[in-house]
Amino acid sequence: MARILLVDDEKIARTLYGDYLTAVGHAVTAVGTLQEAREALAGDRFDAVVTDLILPGGDGMEVLRHVREHHPGVEVVVITGLEKVDPAVRAIKSGAAEYLVKPVAPEALQHAVRRALTTRDLMQENASLRRHVAMLEAGQRIATTLDREKLAAATASALQSMASASAVVLLERDSAFALRRHGTSGLPTALEEPLIAELIGRLANERGTRELEGLDAPFPRAVSFPALEGDAVLGHAVLFFGGTGAEWAGETASFLVRNWALALRNLGRFAAVEDLAYVDDLTRLFNTRYLHLVVDREVQDALQSQRTFSLLFLDLDHFKSINDTHGHLVGSKVLVEAARVVKGCVRDHDVVARYGGDEYVVVLRNTDSGGALKVAERIRRTMETHNFLAREGLSLKLTTCIGVASFPEHAQDKATLLDLADRAMYRGKRGSRNVVYMAANDLEAPPAERRQAHPAT
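Note that full-length UniProt numbering numbers the sequence shown so that position 206 is 206, with each residue one more than the last.
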């Protein structure tokens with residue numbers, strides 16, 4: 001049974017057409033004017049409208065336009081006594097499902113309404129299918145994204161648009177199992193920090209989907225969806241709605257969050273693979289494979305933005321004597337402790353790599369040769385004064401030679417820059433040791449003369 005709104009200014013026609021439609025099981029509401037039709041549509045839900053083309057205070061085309069603008073999904077059948085082609089063409093082009101000319105037989109009206117309802121059902125099924133396809137495509141994009149920032153943007157955007165959310169907050173669990181911000185969309189900037197802090201406190205121990213009440217946010221409704229992998233909670237997606245939320249919000253959000261959880265799991269596995277590929281097993285510093293990737297990227301960025309960066313090449317002085325005297329196990333521990341000392345002397349966004357054996361390389365981002373010399377001297381002094389393996393009762397002393405080369409001052413390609421820093425370091429090894437040397441950009445001079453010495457003071 002369908003709910004039909006019948007609009008005709010003639011009482012006899014309303015009664016007659018109403019009987020035709022109720023005879024096949026439809027529920028009919030009959031009105032006589034355009035204004036009454038608008039009021040009926042505003043106050044109730046209808047599946048189809050049957051309207052006469054000529055009405056007092058307006059016409060059936062206005063009814064058709066009103067339905068199309070304010071009640072999408074409701075089909076309209078137009079009836080008229082005018083046996084002209086133009087009104088029929090105008091009505092069909094404006095979106096009418098059927099056009100009938102009076103007198104209308106019962107079977108013709110019943111058939112027209114049935115066709116209109118079938119069209120509506122097909123359109124709804126097509127819209128539903130398109131939504132499902134779009135949702136599947138969005139889920140696939142999310143699940144296969146291995147870039148953390150792109151994942152946050154794709155997930156937040158999909159949840160906001162496809163689940164009809166006004167705003168989205170994504171929280172993920174870090175390696176210490178604490179929640180942290182992954183991404184947001186639609187939140188006022190001033191609101192982000194306090195709201196995220198409040199959400200982290202509220203969701204720290206949550207495992208299920210829940211309504212969040214009493215949040216200090218300009219949205220009447222907030223719902224949290226957990227990102228689960230088995231029993232593990234990888235994060236939470238919090239959706240804020242301006243109203244009650246779309247009918248599809250829960251189903252769509254749950255599906256998209258499941259794909260977000262899959263992507264977070266893949267990111268964790270990818271990070272573990274990267275760790276094996278780019279991290280030195282002993283010192284947990286980056287290895288030479290990652291160093292070359294970083295220097296390549298720094299060279300490209302520096303060429304495009306006219307920025308500078310520097311390399312430090314370090315070698316531990318007389319390290320072989322530690323292995324010979326105390327054994328390789330102690331030597332390995334010294335290498336690990338030396339790595340910590342070097343990392344403690346540079347910034348978080350600088351890169352420290354183990355080049356091999358007892359050699360280390362530091363990439364100092366946005367640092368010219370003057371700044372690099374200061375960092376190198378800080379490392380040299382820290383090494384010189386540090387007591388290695390003091391907790392184990394050894395208190396070994398160790399010094400280092402450091403070579404410095406800067407881009408673009410000394411070279412404008414990776415191979416030359418690494419070579420110059422390496423040669424500057426070996427210049428110190430052949431001399432007094434425990435020294436910092438700066439590479440020279442005179443590439444025509446013999447290797448031993450390409451550097452200016454900056455002995456330790």
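In this text, a Cβ means the ideal position worked out from N, Cα and C, and glycines have one as well.
Exposed or buried, which one is residue i when buried takes at least 16 other CB atoms within 10 Å?
i: Asn259; result: buried
i: Glu298; result: buried
i: Ala143; result: buried
i: Asp147; result: exposed
i: Leu373; result: buried
i: Ser432; result: exposed
i: Asp309; result: It is Phe, not Asp, that sits at residue 309 in the sequence shown. The residue is buried, with at least 16 neighbouring Cβ atoms inside 10 Å.
i: Ser321; result: exposed
i: Ala105; result: exposed
i: Pro87; result: buried
i: residue 469; result: Absent from the model: residue 469. The displayed extent of the chain is 1 to 457, so no value can be given.
i: Leu420; result: buried
i: Ala176; result: exposed
i: Ser94; result: exposed
I'd like to confirm the pairing. Which residues does DSSP put opposite residue i in its beta bridges?
i: Leu396; result: Phe388
i: Asp315; result: Glu359, Cys401
i: Leu55; result: Gly58
i: Val7; result: Val31, Thr51
i: Glu98; result: Val77
i: Glu211; result: Val223
i: Leu179; result: Arg173
i: Arg354; result: Tyr360
i: Phe309; result: Arg365, Phe407
i: Phe286; result: Val279, Ala353
Would DSSP call residue i helix, strand or coil?
i: Glu75; result: strand
i: Ser157; result: helix
i: Glu251; result: helix
i: Leu136; result: helix
i: Ser185; result: strand
i: His236; result: strand
i: Gly245; result: Caution is warranted here: a pLDDT of 47 is assigned to Gly245, below 50, making its placement in the model unreliable, and the coordinate value is therefore given only provisionally. It is coil, neither helix nor strand.
i: Val168; result: strand
i: Met425; result: helix
i: Arg433; result: coil
i: Arg365; result: strand
i: Val336; result: helix
i: Ala372; result: helix
i: Leu229; result: In the sequence on display, residue 229 carries Glu and not Leu. Strand at Glu229.
i: Val279; result: strand
i: Phe270; result: helix
i: Ala112; result: helix
i: Met1; result: coil
i: Met302; result: Sequence check: residue 302 is Ala here, not Met. If DSSP states are grouped into helix, strand and coil, Ala302 belongs with the helices.
Cβ of residue i within 8 Å of Cβ of residue j?
i: Ala97; j: Ala116; result: yes
i: Val352; j: Val294; result: no
i: Ala237; j: Ala227; result: yes
i: Cys401; j: Met425; result: yes
i: Leu264; j: Glu172; result: yes
i: Ser369; j: Val346; result: no
i: Thr51; j: Val89; result: no
i: Leu34; j: Gly57; result: yes
i: Leu398; j: Asp317; result: yes
i: Arg307; j: Asn366; result: yes
i: Gly25; j: Arg14; result: no
i: Arg210; j: Ile196; result: no
i: Val78; j: Leu64; result: yes
i: Gly225; j: Val257; result: As written in the sequence, residue 225 is Phe, which differs from the Gly given in the question. Yes, Cβ-Cβ distance for Phe225 and Val257 is below 8 Å.
i: Arg3; j: Ala37; result: no
i: Gly235; j: Leu285; result: no
i: Glu359; j: Asp315; result: yes
i: Phe313; j: Asp413; result: no
i: Gly139; j: Ala156; result: no
i: Met135; j: Met162; result: yes
Grab me the residues of residue i's own chain with a C-beta within less than 6 Å of its C-beta, minus the 5 sequence neighbours each way, in chain order.
i: Ser395; result: Asn387
i: Gln160; result: Val168, Ser185, Gly186
i: Ala246; result: Because the pLDDT at Ala246 is just 45, under 50, the model does not fix this residue reliably, and the point stays unresolved.
i: Asp280; result: Asn287, Arg354
i: residue 462; result: The structure shown does not extend to residue 462, since the chain is modelled only from 1 to 457, so the question has no answer here.
i: Ala30; result: Leu6, Arg14, Gly18
i: Gly81; result: Lys102
Counting only the same chain and skipping the five closest in sequence on each side, list residues whose C-beta sits under 8 Å from that of residue i.
i: Ile92; result: Tyr99
i: Thr119; result: Glu75, Ala97
i: Thr325; result: none
i: Ser166; result: Gln160, Gly186, Phe219, Phe240, Phe241, Gly242
i: Ala40; result: Leu5, Thr29, Val31, Phe46
Only counting the same chain, and skipping five residues up and downstream in sequence, which positions put a Cβ closer than 7 Å to that of residue i?
i: Ala204; result: Leu179
i: Leu282; result: Ser332, Leu335, Val336
i: Tyr290; result: Tyr278, Ala353
i: Ala112; result: Val77, Glu98, Leu100
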